[in-house]
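Notes follow once the structure below has been shown.
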DNA sequence: CTCCCGATAT
DNA sequence: ATATCAGGAG
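Residue numbers (this note's numbering): 315 to 535.
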């Protein structure tokens, strides 16, 4: 197994920059794949997206947001009603409880609005760093940190940018390796690449991969 | 670390 | 049957 060792921080930075440039060339257009009409809706959609495809989340939220579009609506919805609406996303009891409690907190402490800092978002029920960074980046355009999800973890691991699987360590590493203005789009590109080519579930389509030059796995079955 | 959990590709 | 899907809480 090939282990790339990058002695200096500047060398690691240059390598990450080249990977980021290649990803940008391959995936020039990026967009958030979760549908939402407000920061609150993106927050709820992202909570629902845990261990679930965004396609299914969009399918569920279309109905959910038609009936309960605001934090006030979701703070007062009956739990069984909410559970029924989101059941197909999995973990539905936890997600329903978290969404309701989260929206109750938003109504009580933030006038039903979504706060714009990591420190205010992360304590909310069902909201971790990944969800907080998604909302800040995609709803407010605030780059508070690289979004580290299952795709970013896998892609950056395979391409030899980070060695650990610890999400917090990966985020800190990527935050120092990449310029802030690239943080949001870099995650989107890892996700696109992870879905289309460098998948976990199916066998990776290495024959179609344009990132082979960066991949220690090339040639490995 | 385990648990939460339905839907889907393989 | 099994692995995996824009994770988070205890």
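Don't be surprised by glycine CBs; every beta carbon is placed ideally from N, CA and C.
Note that this is a predicted model, so its numbers are computed, not measured.
Practice task
Could you tell me whether the Cβ atoms of residue 457 and residue 430 are closer together than 7 Å?
Solution key: Numbered from its first residue, the first chain carries residue 457 at position 143. Numbered from its first residue, the first chain carries residue 430 at position 116. In this structure, the beta-carbon distance from residue 457 to residue 430 does not fall below 7 Å.
Problem - Separation of residue 503 from residue 335, as counted between CA atoms - result: In the first chain, residue 335 corresponds to position 21, counting from 1. In the first chain, residue 503 corresponds to position 189, counting from 1. Going by the C-alpha atoms only, they are around 11 Å apart.
Exercise for the section: Please report the residue range of the alpha helix (DSSP H) in which residue 328 lies. Expected result: Indexing the first chain from 1 puts residue 328 at position 14. Per DSSP, the unbroken alpha helix (DSSP H) holding residue 328 starts and ends at 323-340.
Problem - Burial state of residue 393 (16 or more Cβ within 10 Å) - result: If you number the first chain from 1, residue 393 lands on position 79. Here residue 393 is exposed: its Cβ has fewer than 16 other Cβ atoms, across all protein chains shown, within 10 Å.
Practice task
Please classify residue 315: does DSSP put it in a helix, a strand, or coil?
Solution key: One-based indexing of the first chain puts residue 315 at position 1. Caution applies to residue 315, whose pLDDT of 48 falls short of 50 and renders its modelled position unreliable; the value that the coordinates give is listed next. Reduced to three states, the DSSP call for residue 315 is coil.
Exercise for the section: Return the chain-ordered list of same chain residues with a C-beta closer than 6 Å to the C-beta of residue 350, the five sequence neighbours on each side being excluded. Expected result: Residue 350 sits at position 36 when you count from the first residue of the first chain. In chain order, 356 and 359 place their CB closer than 6 Å to the CB of residue 350, counting only its own chain and leaving out the 5 sequence neighbours on each side.
Exercise for the section: Take residue 511 as the anchor and find which of 339, 469 and 498 has the nearest alpha-carbon. Expected result: Your numbering for residue 511 matches position 197 in the first chain. Closest by alpha carbon: 469.
Handout entry: Own chain partners of residue 411 with C-beta closer than 6 Å, once the 5 adjacent residues on each side are dropped
Key = By one-based count along the first chain, residue 411 stands at place 97. No residues qualify anywhere along the chain.
Exercise for the section: Indicate the three-state DSSP secondary structure (helix, strand or coil) for residue 351 in the structure shown. Expected result: Counting from one through the first chain, the residue named residue 351 turns up at place 37. Here residue 351 sits in coil by DSSP.
Handout entry: Exposed unless 16 or more other CB atoms sit within 10 angstroms - verdict on residue 546
Key = In the structure as shown, the chain begins at 315 and stops at 535. Residue 546 is therefore absent and cannot be evaluated.
Practice task
Measure from the alpha carbon of residue 353 to the alpha carbon of each residue in 369, 427, 401 and 339, then state which is nearest.
Solution key: The residue given as residue 353 occupies position 39 in the first chain. When C-alpha distances from residue 353 are compared across 369, 427, 401 and 339, the shortest belongs to 427.
Handout entry: Selection from 345, 329, 330 and 433 that minimises the alpha carbon distance to residue 506
Key = Translated into the one-based positions of the first chain, residue 506 becomes position 192. Here the closest residue by C-alpha is 345.
Practice task
Might you give, ordered along the chain, the residues of its own chain that have their beta carbon closer than 7 Å to the beta carbon of residue 396, omitting 5 neighbours on each side?
Solution key: Start at 1 with the first residue of the first chain, and residue 396 comes out as number 82. If we look at residue 396 and ignore the five residues flanking it on each side, its Cβ neighbours are 410, 413 and 414.
Handout entry: Close beta carbons around residue 448, own chain, < 6 Å, minus the five adjacent residues each side
Key = Locating residue 448 in the first chain gives position 134, where the first residue counts as 1. Apart from sequence neighbours up to five positions away, the residues of its chain that approach residue 448 with a beta-carbon distance below 6 Å are 360 and 461, ordered along the chain.
Exercise for the section: Given a cut-off of 7 Å, decide if residue 473 and residue 406 are closer than it, judged by their beta-carbon atoms. Expected result: What you label residue 406 is simply residue 92 of the first chain in a count that begins at 1. What you label residue 473 is simply residue 159 of the first chain in a count that begins at 1. No, they are not a contact pair.
Practice task
Give the secondary structure of residue 394 by DSSP, where H, G and I count as helix, E and B as strand, and everything else as coil.
Solution key: Position 80 of the first chain, counting from 1, holds the residue named residue 394. Residue state, collapsed to three classes: helix.
Problem - Exposure label - residue 367; buried when at least 16 CB within 10 Å - result: To locate residue 367, count along the first chain from 1; it is residue 53. Classification of residue 367: exposed, given that the 10 Å Cβ count is below 16.
Handout entry: Separation of residue 337 from residue 323, as counted between CA atoms
Key = What you label residue 323 is simply residue 9 of the first chain in a count that begins at 1. What you label residue 337 is simply residue 23 of the first chain in a count that begins at 1. Looking at the two C-alpha atoms, the distance is approximately 21 Å.
Exercise for the section: Whole angstroms is fine: what's the gap from residue 520's alpha carbon to residue 531's? Expected result: Walking along the first chain from the start, residue 520 turns up at place 206. Walking along the first chain from the start, residue 531 turns up at place 217. Taking the Cα positions, residue 520 is about 9 Å away from residue 531.
Problem - residue 377 versus residue 400 - alpha carbon distance - result: Here residue 377 refers to the residue found at position 63 of the first chain. Here residue 400 refers to the residue found at position 86 of the first chain. Looking at the backbone, the Cα of residue 377 and that of residue 400 are separated by about 9 Å.
Exercise for the section: Go ahead and label residue 325 buried or exposed: buried means 16 or more other beta carbons lie within 10 angstroms of its beta carbon, across all protein chains shown. Expected result: Stepping through the first chain from its first residue, residue 325 is reached at position 11. Residue 325 comes out exposed.
Practice task
Closer than 6 Å by C-beta to residue 420: which residues in its own chain qualify, once you throw out the five before and the five after it? Chain order, please.
Solution key: In the first chain, the residue the question calls residue 420 occupies position 106. Sequence-distant Cβ neighbours of residue 420 in its own chain, meaning closer than 6 Å and more than five residues away, are 385 and 426.
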